[in-house]
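Participant: Here the sequence shown stands for residues 2 to 543, numbered as in the numbering used here. Cβ atoms here follow ideal geometry from the backbone N, Cα and C, with glycine treated the same way. I'd like to ask some things about the structure below.
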Amino acid sequence: MSKKATGKKAAPSGKPKVLIKEKIARSGIDLLKKEFSVDVKLDMDQKQLKKEIGKYNAIIIRSDTRMTRDIIGKAKNLKVIGRAGIGVDNVDLGAATKKGIIVANAPESNMVAAAEHTIGLLLAQSRNIPQAHGSMKHGKWARSDFAGVELADKTLGIIGFGRIGVLVAQRAKGLKMKVVAYDPYVSKSRFEELGVEGATSIKSFYKQADFITVHLPKSPDTKGFVDGAAFKAMKKGVRIINCARGGIIDEAALVKALKSGKVAGAALDVFEKEPPKDSPLLKMDNVVVTPHLGASTAEAQDRAGTVIAEQVAAALNDQFVSNAVNIPLVSGEQMNMLRPFMPLCEKLGRLIVEIAEGPLDDFKITYQGGLADFDNRLLTIAFFKGMLEGRVEDTVNYVNAESIAEGRGIKVTESRRQQSIDFTNLVSVTSEDKQGKLTVAGTTIGPKHRPRFVKIYRHDIDIEPGKYMAFFRYDDVPGMIGRVGTILGKNNINIANMNVGRKKIGGKAVMSVTLDKPIPEKILKEIRSQKEFDDVSFITFP
């Protein structure tokens with residue numbers, strides 16, 4: 002699973018040629034000039050780029066240049082595309098991967114800047130610094146109007162404990178704050194190692210925090226994560242900071258909480274719509290706002306240029322490219338065997354964390370049948386990807402999923418068995434939640450290798466995964482299937498497929514269903530409120 006560049010020839014001039022298409026730090030340019038022929042062409046348009054890209058072995062871009070399929074198709078000598086920053090939405094990853102071109106970015110370049118901006122907003126709103134500044138600029142001297150609160154001995158709550166969350170925690174502890182964090186994908190030992198209390202539930206988290214800062218990725222799962230119900234669960238007088246992504250906090254609910262006094266103040270660097278025209282938040286005296294400045298430091302911009310220059314140099318020298326974002330290379334024979342199981346393993350990773358009661362730290366993955374003859378590390382990475390994607394602040398891919406999991410204290414043990422009693426190939430994942438041993442398993446069937454879930458919770462099932470799925474664990478008594486069907490039917494939610502599994506009559510049973518559309522939370526609550534149901538989980542698979 003090498004992350005080295007593929008061996009393409011240098012352009013005819015001898016030294017590999019690098020095109021710097023957008024502005025980067027001078028130190029990055031100088032680093033590349035030591036070994037390579039470097040052209041800096043900041044005014045080159047897309048048409049000219051398509052014409053000239055064939056001359057280059059590497060290109061460095063930021064966000065304005067679009068590396069489309071057409072341009073990549075003309076890049077006959079290109080080994081690496083370097084993105085000086087985080088996002089790679091402007092690069093056709095599929096086309097680049099198909100041509101064996103490494104795509105690398107600089108994901109850590111702005112982490113310190115984002116963490117420091119978070120602390121800056123924490124201080125600014127606690128002491129009303131921007132408001133006092135504005136007052137004095139208008140000729141006033143109103144000391145009594147801007148009394149603030151101290152941070153020492155207060156509790157800072159961090160939602161999302163990835164790398165930026167950790168940096169914020171370290172800085173807050175330097176201010177003598179107590180830090181509590183909520184992230185179900187970080188192990189207890191990792192929290193302990195950093196001297197941070199790990200909240201076991203979001204409700205207990207909200208009850209403790211005097212200040213709350215969010216550091217989650219933006220995804221369908223995190224949109225509106227901090228909503229009206231969340232504000233109700235918080236302490237009166239709590240203060241909110243968001244330097245992560247707009248939309249994670251429900252702005253309408255925040256305005257309501259600010260007006261009621263439930264939330265004493267907020268400091269926002271990001272918004273649901275940017276720029277936030279006509280937002281009531283801009284008119285509120287207890288809200289501090291900045292125009293998405295989290296990564297806007299000279300050091301962060303310079304660091305991105307230097308880091309990406311190092312990544313490009315590594316690729317051109319056939320060395321390890323630590324920030325490659327596209328899939329690592331494996332042999333053709335291996336990929337033919339593993340490819341059908343990669344989406345299955347992603348789904349198993351998402352499935353087991355969604356149905357678990359409480360966080361999971363340790364997993365055992367067993368590969369059975371023909372899979373036992375192969376190096377299955379790529380499938381384990383697929384499992385990590387499915388488990389973490391959309392739940393951590395980083396963009397998760399097949400290159401970084403394993404290191405992100407390791408950084409969060411998540412451990413996986415692999416085992417292999419040559420024989421599988423019921424299936425030609427089988428992937429099983431086990432862990433332990435509050436109820437004890439938890440297992441999910443899957444396989445593929447037929448010439449098209451259609452994925453199947455064959456075990457969930459502690460029961461055998463047989464169902465093909467769909468985009469929208471619900472899983473019910475309940476007492477095996479008459480009428481339960483009809484009860485679920487009736488509730489979904491009266492809410493115009495169609496069941497596309499269903500499977501039921503149980504171990505014994507009158508014990509516990511599991512119902513798995515695929516649906517045509519999502520189940521609203523209020524309907525899930527209606528089902529959960531019935532005493533026969535032990536657990537109800539709804540999952541949207543990518």
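Would you identify the three-state DSSP class for Pro543, choosing helix, strand or coil?
Facilitator: Note: Pro543 maps to coil in three-state DSSP.
Participant: Rounded to whole angstroms, what's the CA-CA distance from Ser416 to Asp279? Just pull it up for me.
Facilitator: 57 angstroms
Participant: Residues in the same chain with beta-carbon distance under 7 angstroms from Thr119, minus the five sequence neighbours each way, listed in chain order, please.
Facilitator: Val169, Thr214, Ile242, Cys244
Participant: Determine the direct distance from the alpha carbon of Phe454 to that of Gly486, and round the result to whole angstroms.
Facilitator: 21 angstroms
Participant: What three-state label does DSSP hand Gly83 in the structure shown?
Facilitator: strand
Participant: Measure the alpha-carbon distance for Ile528 versus Ile249 and round it to whole angstroms.
Facilitator: 27 angstroms
Participant: Judging by CA-CA distance, which residue of Leu339, Lys386, Ile405, Glu390 is the nearest neighbour of Ala373?
Facilitator: Of the candidates Leu339, Lys386, Ile405, Glu390, the one whose C-alpha sits nearest the C-alpha of Ala373 is Leu339.
Participant: Please look up how many angstroms separate the CB atoms of Ile457 and Val441, rounded, as I've assumed it's under 8 angstroms.
Facilitator: 5 angstroms
Participant: Quick check on the DSSP output: what are the complete beta strand (DSSP E) runs of length 3 or more inside the region 433–481, in order along the chain?
Facilitator: 437–446, 451–457, 460–464, 469–476
Participant: Can you look up Gly196 in the DSSP assignment and give me helix, strand or coil?
Facilitator: coil
Participant: Report the option in Thr445, Gly29, Val288, Leu516 whose CA atom is closest to the CA atom of Leu349.
Facilitator: Thr445
Participant: Tell me, which residues are paired with Lys509 by DSSP?
Facilitator: Asp476
Participant: Report all residues from its chain with a CB closer than 6 angstroms to the CB of Pro13; omit the five preceding and five following residues, and keep chain order.
Facilitator: Unreliable placement is indicated for Pro13, whose pLDDT of 48 sits below 50; no coordinate value is reported for it.
Participant: Is it buried or exposed for Ala544, if we count other Cβ within 10 angstroms and need 16 for buried?
Facilitator: This structure leaves residue 544 out entirely; the chain is present only between 2 and 543.
Participant: State yes or no: is the C-beta of Lys475 within less than 8 angstroms of the C-beta of Pro519?
Facilitator: According to the sequence as given, residue 475 is Tyr; it is not Lys. No. Outside cutoff.
Participant: Count the C-beta pairs between the region 373–386 and the region 492–510 that are closer than 8 angstroms, then say yes if the count reaches three, no if not.
Facilitator: no
Participant: Measuring only the C-alpha atoms, how far is Ile411 from Val187?
Facilitator: 7 angstroms
Participant: Exposed or buried, Glu23, counting other C-beta atoms within 10 Å across all chains shown (16 or more means buried)?
Facilitator: buried
Participant: Comparing alpha-carbon positions, which option in Lys51, Glu36, Ile60 lies nearest Ile25?
Facilitator: Ile60
Participant: Would you identify the three-state DSSP class for Thr298, choosing helix, strand or coil?
Facilitator: Three-state result, Thr298: coil.
Participant: For Ala296, tell me which candidate among Leu317, Ala85, Lys208 has the shortest Cα-Cα distance.
Facilitator: Ala85
Participant: Going by the beta-carbon positions, is the gap between Arg67 and Ala96 smaller than 8 angstroms?
Facilitator: The answer is no: Cβ separation not under 8 angstroms.
Participant: With the cut-off set at 8 angstroms, would you say Val393 and Lys386 are in Cβ contact?
Facilitator: no
Participant: What residues match up with Gly140 in a beta bridge as DSSP calls it?
Facilitator: Note: Gly140 sits in no beta bridge, so no partner.
Participant: Rounded C-beta distance between Val150 and Ser136? I'm assuming under 8 angstroms.
Facilitator: Between Ser136 and Val150 the Cβ distance is about 18 angstroms, and since that is not below 8 angstroms, they are no contact.
Participant: Identify whether Ser202 lies in helix, strand or coil by the three-state DSSP scheme.
Facilitator: coil
Participant: If you reduce the DSSP assignment to three classes, tell me which class Ala182 lands in.
Facilitator: strand
Participant: Check whether the region 351–368 and the region 312–326 are in contact - that is, three or more C-beta pairs closer than 8 angstroms.
Facilitator: At 8 angstroms Cβ cutoff, the stretches do not touch.
Participant: Taking 6 angstroms as the limit between beta carbons, can you name the residues of its chain near Pro543, skipping five residues before and five after?
Facilitator: none
Participant: Grab me the residues of Leu157's own chain with a C-beta within less than 6 angstroms of its C-beta, minus the 5 sequence neighbours each way, in chain order.
Facilitator: Ala173, Met178, Val180, Phe212
Participant: Does the distance between the C-beta of Ala310 and the nearest non-hydrogen atom of the ligand SAM fall short of 7 angstroms?
Facilitator: Of ligands this structure carries none, so the ligand SAM is not represented either.
Participant: Could you tell me how far apart the beta carbons of Ala107 and Ala305 are, in whole angstroms, since I believe they sit closer than 8 angstroms?
Facilitator: 4 angstroms
Participant: Can you tell me which of Arg451, Ile353, Ile494 puts its alpha carbon nearest to the alpha carbon of Ser429?
Facilitator: Ile353
Participant: Please tell me whether Leu255 and Ala265 are closer than 8 angstroms, where the distance is taken between their beta carbons.
Facilitator: no
Participant: Just reading off the beta strand (DSSP E) that Asp363 is part of, what are its end residues?
Facilitator: 363–370
Participant: Can you look up Leu516 in the DSSP assignment and give me helix, strand or coil?
Facilitator: Strand at Leu516.
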